[in-house]
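Asker: Got a structure for you, questions after.
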Amino acid sequence: MTFKKTLLAGMIGATVTGATLLPSLAAAQTTLRMAYDADPVSLDIHEQLSGGILQLSHMTHDPLVRWTSDLDFEPRLATGWEQVDDTTMRMTLREGVEFHSGNAFTADDVVWTVERLKRSPDFKGIFTPVESVTAIDEHTVEFKTGEPYPLLLNLATYVFPMDSAFYSGTAEDGDPKDEIVKNGNSFASSNLSGTGPFTVVEHQKGTRMEFERNPDYWDEDSPGNVDRIVHTPISENATRVAALLSGDVDFIAPVPPNDLERVRESDDAELVTMSGTRIIFFHMDQNRVDAFQDERVRQAFAYAVNQDAIADRLMKGFATPAAQFSPKGYAGHIESLERRYDLEKAQELMAEAGYADGFEITMMAPNNRYVNDAKIAQAVATMLARINVDVDLKTMPKAQYWGEFDDRAADMMMIGWHADTEDSANFHEYLTACPDADTGAGQYNAGNYCNPELDKLVSEANVEVDLEQRAEMLQQVEQTLYDEAAFVPLHWQDLAWASAPNVDIEPVLNVMNFPYLGDLVIEEE
Amino acid sequence: MIAFLVKRIFHALLVMFVISLIAFSIQDNLGDPIQQMVGQSVPESEREALREELGLNDPFLVQYLRFAKNAARFDFGYSYNFNQPTTEVIARHLPATLELVAAATFLIIALSVPIGVYSAIKPRAWLSRFFMGVSIVGISIPVFLTAIVLIQLFAIGVSWTPFPTDTAWGNWLNDLVTTEGGMPAYGRGDPVHVFGTWYTNFASPRGLLYLVLPAISLASIMLPLFIRLIRAEMLEVLQSEYVKFARAKGIRLRRIYFLHALKNTMLPVITVGGVQIGTLVAYTILTETVFQWPGMGLMFLDAIERSDIPLIVTYLMIVGLIFVITNTLVDLIYGLVNPTVKLTGKPA
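Protein chains in written order, with the UniProt record's numbering: chain F, 1 to 525; chain B, 1 to 348.
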């Protein structure tokens, strides 16, 4: 039975590749051969909220609006938007757009997509504020939120309209085509129809993915000239770099820090780096260690850690040292917050709090999740030794680490966080809000820091439609977290991509790490 | 003969049962598969629902019995990551690994026999000493280092000018230490479809090129071992009475070496070799990772990183099966080469 199935699958695979070989014989095609460290888990863009899936979404679909490189909004499938009242936004949709299947794109597809997003276990969380979406006419939709919600446009960057007609009905196995299945096969996990610049020709998971340019792509102003993309995931850092330098591929990401210099100096490659938005930091667990309840001790820890040294030496300049959660460009970012490395001050504070002789703590960090994560943890442990804190450090692979993290298994735990909404409030909600298992607030607050006033401030900010007012509130949150030393900030991890010299990647890159490959230009050699 | 095979099949089942039990009992230490399946901001309630759906909350015995019941019907479950039956996933990755092992085995046999025999016949020749020296170095270099050095030399290329470039001899020496690069550094290229899930690299010169570097680095682990083994056995055989007698009889040396002595040398080599080929399948994990060769080793490492437990368990069981099969084949071949050995172990 299984063997028969395997045979059948093999035969289907054979006919698919047979068919794809033919068009590749056509002359004068511009092909981009690229290698990320992994390929998307599925073709169902609602199955997982992850970088890989969003990168795929930007290739095969179009969002209603998308981020520009300076964190502004750019119209895509929505051409205009207006706030009708505090809780209602009306969006005008682009006309004359077709899905890959040939179906016309209408307001019903947007409604269908948002309703599916609200069913997806991964996306429903960020879409809770949206109460309903209705189609006013064929090309107008209305978003209604329960309360005034200032981040509706941020959410619209996650709405990649799917072809509702294509995904309706039942698949061959009798299951509905629109079901979202995390484990097992679903129609949507292997079939795709969006409006985007590329169609998926082939997906051999973990091995190879092939895209072809959508010949009827609506955006005729796009400078993009790539006809075909072949994506081969290469998880091994050294091999990925070697593949670029030897000319086997034209575009790779991420570029590992150890190879940055090598790639920068090579004549065969162009390197692009950008300060990222993922903050790496340590929690100090106040439930496990009484001393951490003393603000002076937390301050002392924050003063003892030298972020600049870590960014310069360990990360080889491939990180932006941080003193707060929010990276530049976010509403809550405070330009004037300084990193406070000062060993003497740290020792003084420890003495003041009555811990001049220090104490012992345990620390945990992953060793394959963030760039140099285990080494960073070692460095921090060494720095804490200077204020007589004896650190028992344990590092482990990410697969094991998150279980330990959920159990709050150590006094200090490392975590990196990227705000899915590209907004400052998200940091506090997940990382420093008073932990509450029922509401899910502070789900990743392994420090058990709790300041109800801040929680109140953030929930007020979340319904504040005046963006300037809101930014002020969020900055106040950052300032308080800094003053009370709620956590030990380290740095924002930089992003790095590299390409062959004739592939002009810089214009299509952004700090979210969603390259807009539809607009990519490859120069003739 | 039949009794022997039946016994071996029973062995295989026992081995697979024990492996599945061990693999299953360590799964709690392999990490939480849910973590890999959902985004970071997914609330705990959703995770719990998914965990319940996958049956991860059931007691160990319940989980194992459910698995064993399905496994008895050749249903090993679905891979969490691939969303396909694990047997299908492995069937897709197996040919790549087998081709790599086949290519490495070919290299090992083609090189180890002549080199081993030569260094036994002429133990004092400088070439023999050179081979022995290189094999000591070869045996102590880890495979991923070999692989990365090979990539740097032959895929990226090295341009090195330690000698003066203004003289002819300097240029000549510089050219000698400079490599061109250009060999494929990763993956299989566009393998040709044979049947089912089998795509082959052996069908075209371009396909073979993709095999060269991975096969060399995989072979580099076993090659020194085989050279030394063949040399040692051959030396011993050359001391034996019948070789001396053959010499005294005036039979041509070539005939003595390659017909009489080599045959007897190969007996223990087959035994060791068969087992080592099984080990080679396991070693592909490193080679495949560096070269991104889309075979079982790469798939397995990925499965571990993602806590894809069903795939891990199935892989381990299949590797166990491969070991049993190669051992059985070795015993059969041994019986053919040396008829004095009785397979069932009973006195004749």
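No residue lacks a Cβ here, since even glycine has one placed at the ideal position from N, Cα and C.
Taking Cβ-Cβ distances below 7 Å as the criterion, which residues of the segment 137-167 of chain B are in contact with chain F?
Answerer: Result list: 148, 151, 155 and 156.
Asker: Pop quiz: residue 115 of chain B and residue 131 of chain B are said to be a contact at Cβ under 8 Å. What is the actual Cβ separation, rounded to whole angstroms?
Answerer: Within the second sequence, numbered from 1, the residue matching residue 115 of chain B stands at position 115. Within the second sequence, numbered from 1, the residue matching residue 131 of chain B stands at position 131. So it is a contact: roughly 5 Å between Cβ atoms.
Asker: Give a yes or no on contact between the segment 287-300 of chain B and the segment 141-158 of chain B, applying the rule of three or more CB pairs nearer than 8 Å.
Answerer: Flag = yes, the segment 287-300 of chain B and the segment 141-158 of chain B touch.
Asker: Beta-carbon separation of residue 178 of chain B and residue 159 of chain B under 7 Å?
Answerer: Locating residue 178 of chain B in the second sequence gives position 178, counting from the first residue. Locating residue 159 of chain B in the second sequence gives position 159, counting from the first residue. Result yes, Cβ atoms of residue 178 of chain B and residue 159 of chain B sit closer than 7 Å.
Asker: Within the continuous beta strand (DSSP E) that includes residue 360 of chain F, where are the two ends?
Answerer: Numbered from its first residue, the first sequence carries residue 360 of chain F at position 360. 360-366 is the extent of the beta strand (DSSP E) around residue 360 of chain F.
Asker: Distance cutoff 7 Å, beta carbons only. Does residue 64 of chain B sit that close to anything in chain F?
Answerer: Counting from 1 along the second sequence, the entry for residue 64 of chain B is found at position 64. False, the Cβ-Cβ gap to chain F never drops below 7 Å.
Asker: Is residue 112 of chain B closer than 7 Å to residue 291 of chain B when the C-beta atoms are compared?
Answerer: The sequence position of residue 291 of chain B within the second sequence is 291, counting from 1. The sequence position of residue 112 of chain B within the second sequence is 112, counting from 1. No, they are not a contact pair.
Asker: Counting only runs of 4+ residues fully inside the segment 275-305 of chain B, write out the alpha helix (DSSP H) ranges in chain order.
Answerer: Correct list: 296-305.
Asker: List the endpoints of the continuous beta strand (DSSP E) containing residue 97 of chain B.
Answerer: As a position in the second sequence, residue 97 of chain B is number 97, starting the count at 1. No beta strand (DSSP E) holds residue 97 of chain B; the alpha helix (DSSP H) holding it covers 86-121.
Asker: I'd like the list of long-range same chain contacts for residue 319 of chain B, defined as Cβ closer than 7 Å, with 5 residues on each side in sequence excluded.
Answerer: Counting from one through the second sequence, the residue named residue 319 of chain B turns up at place 319. For residue 319 of chain B, where only same-chain residues beyond five positions count, the Cβ hits under 7 Å are 281 and 282.
Asker: Taking Cβ to Cβ, would you say residue 274 of chain F is nearer than 7 Å to residue 495 of chain F?
Answerer: Here residue 274 of chain F is taken as the residue at index 274 of the first sequence, counted from 1. Here residue 495 of chain F is taken as the residue at index 495 of the first sequence, counted from 1. Yes. Within cutoff.
Asker: Are the CB atoms of residue 366 of chain F and residue 316 of chain F within a distance shorter than 7 Å?
Answerer: Within the first sequence, the letter at position 316 stands for residue 316 of chain F. Within the first sequence, the letter at position 366 stands for residue 366 of chain F. Not a contact, by the Cβ cut-off of 7 Å.
Asker: Identify whether residue 78 of chain F lies in helix, strand or coil by the three-state DSSP scheme.
Answerer: As a working mapping, residue 78 of chain F is identified with position 78 in the first sequence. Residue state, collapsed to three classes: strand.
Asker: How big is the Cα-Cα spacing for residue 522 of chain F and residue 315 of chain B?
Answerer: Taking the first sequence and counting its residues from 1, one reaches residue 522 of chain F at position 522. Taking the second sequence and counting its residues from 1, one reaches residue 315 of chain B at position 315. Rounded to whole angstroms, residue 522 of chain F to residue 315 of chain B spans 42 Å at the Cα level.
Asker: Chain B partners of residue 122 of chain F, CB-CB under 7 Å?
Answerer: One-based indexing of the first sequence puts residue 122 of chain F at position 122. In chain order: 38, 39 and 42.
Asker: With a CB to CB cut of under 7 Å and the five nearest residues on each side skipped, what residues in its chain are close to residue 84 of chain B?
Answerer: Position 84 of the second sequence, counted from the start, is the residue given in the question as residue 84 of chain B. Hits under 7 Å: 78.
Asker: Under the assumption that residue 186 of chain F contacts residue 166 of chain F (Cβ atoms under 8 Å), give the Cβ distance between them as a whole number of angstroms.
Answerer: Locating residue 186 of chain F in the first sequence gives position 186, counting from the first residue. Locating residue 166 of chain F in the first sequence gives position 166, counting from the first residue. At roughly 14 Å, the Cβ-Cβ gap does not stay under 8 Å, so residue 186 of chain F and residue 166 of chain F are not in contact.
Asker: Taking C-alpha atoms, which residue in F:225, F:98 and F:113 lies nearest to residue 188 of chain F?
Answerer: Here residue 188 of chain F refers to the residue found at position 188 of the first sequence. When each option's Cα is compared against that of residue 188 of chain F, the closest is F:113.
Asker: Could you tell me whether the segment 367-374 of chain F touches the segment 326-344 of chain F, using the rule of 3 or more Cβ pairs below 8 Å?
Answerer: No, they do not touch.
Asker: Which residues, taken in chain order from the segment 265-297 of chain B, show a beta carbon closer than 7 Å to some beta carbon of chain F?
Answerer: Those residues of the segment 265-297 of chain B that come within reach of chain F (Cβ to Cβ, closer than 7 Å) are 289, 290, 291, 292 and 294.
Asker: Roughly how many angstroms separate the alpha carbons of residue 34 of chain B and residue 224 of chain B, rounded to a whole number?
Answerer: Counted from its first residue, the second sequence places residue 34 of chain B at position 34. Counted from its first residue, the second sequence places residue 224 of chain B at position 224. Taking the straight line joining both Cα atoms gives about 44 Å.
Asker: If the cut is a Cβ gap below 9 Å, which residues of chain F does residue 32 of chain B touch?
Answerer: Numbered from 1 along the second sequence, position 32 holds the residue referred to as residue 32 of chain B. Near residue 32 of chain B (Cβ distances below 9 Å), the residues of chain F are 399, 400, 402, 403 and 406.
Asker: Could you name the residues of chain F that residue 82 of chain B contacts, counting a contact when the two beta carbons are closer than 8 Å?
Answerer: Here residue 82 of chain B refers to the residue found at position 82 of the second sequence. The contacting residues are 205 and 206.
Asker: Under 8 Å Cβ to Cβ from residue 529 of chain F, same chain only, skipping five residues before and after it: list those, please.
Answerer: Chain F is shown from 1 up to 525; residue 529 of chain F falls before or after that span and cannot be answered.
Asker: First and last residue of the beta strand (DSSP E) that includes residue 199 of chain F?
Answerer: Residue mapping note: residue 199 of chain F aligns to position 199 of the first sequence, counting from 1. 198-204 is the extent of the beta strand (DSSP E) around residue 199 of chain F.
Asker: In chain order, what residues of the same chain lie with their CB nearer than 6 Å to the CB of residue 209 of chain F, ignoring the 5 residues before and after it?
Answerer: As a working note, residue 209 of chain F is residue 209 in the first sequence. So the qualifying residues of the chain are 39, 203 and 231.
Asker: Within 10 angstroms of its Cβ, does residue 11 of chain B collect 16 or more other Cβ (buried), or is it exposed?
Answerer: Against the second sequence, residue 11 of chain B aligns to sequence position 11. By the neighbour-count rule (16 or more Cβ atoms within 10 Å), residue 11 of chain B is not buried but exposed.
Asker: DSSP beta-bridge partners for residue 141 of chain F?
Answerer: Indexing the first sequence from 1 puts residue 141 of chain F at position 141. Answer is F:91 and F:135.
Asker: Excluding sequence positions up to five away, which residues of its chain have a Cβ less than 6 Å from the Cβ of residue 194 of chain B?
Answerer: As a first step, residue 194 of chain B is located in the second sequence; it is residue number 194 there, counting from the start. Excluding positions up to five away in sequence, the list reads 200.
Asker: Can you give me the Cβ contacts of residue 119 of chain F inside the same chain, cut-off strictly under 7 Å, excluding the 5 residues immediately before and after it?
Answerer: Locating residue 119 of chain F in the first sequence gives position 119, counting from the first residue. Closer than 7 Å at Cβ, skipping near neighbours: 180.
Asker: Starting from residue 162 of chain B, follow the alpha helix (DSSP H) in both directions and report where the run begins and ends.
Answerer: Counted from its first residue, the second sequence places residue 162 of chain B at position 162. Segment: none, residue 162 of chain B is in no alpha helix (DSSP H) and carries neither H nor E.
Asker: Roughly how many whole angstroms lie between the Cα atoms of residue 346 of chain F and residue 492 of chain F?
Answerer: Here residue 346 of chain F refers to the residue found at position 346 when the first sequence is read from its first residue. Here residue 492 of chain F refers to the residue found at position 492 when the first sequence is read from its first residue. Those two C-alpha atoms are separated by around 23 Å.
Asker: On the CB-based measure, 16 or more other CB atoms within 10 Å of its CB, does residue 259 of chain B come out buried or exposed?
Answerer: By 1-based counting over the second sequence, the position of residue 259 of chain B is 259. The residue in question, residue 259 of chain B, is exposed, as its Cβ has fewer than 16 Cβ neighbours within 10 Å.
Asker: Taking all protein chains shown into account, do 16 or more other C-beta atoms lie within 10 angstroms of the C-beta of residue 124 of chain B, making it buried, or fewer, making it exposed?
Answerer: Locating residue 124 of chain B in the second sequence gives position 124, counting from the first residue. Looking at its Cβ environment, which holds fewer than 16 other Cβ atoms inside 10 Å, residue 124 of chain B is exposed.
Asker: On a Cα-Cα basis, can you pick out the residue from F:239, F:256, F:50 and F:173 that is closest to residue 318 of chain F?
Answerer: Your numbering for residue 318 of chain F matches position 318 in the first sequence. For the residues F:239, F:256, F:50 and F:173, the minimum Cα distance to residue 318 of chain F belongs to F:256.
Asker: With burial defined as no fewer than 16 other Cβ atoms inside 10 Å of the residue's Cβ, what is the status of residue 218 of chain F: buried or exposed?
Answerer: Here residue 218 of chain F refers to the residue found at position 218 of the first sequence. By the 10 Å Cβ count, residue 218 of chain F comes out buried.
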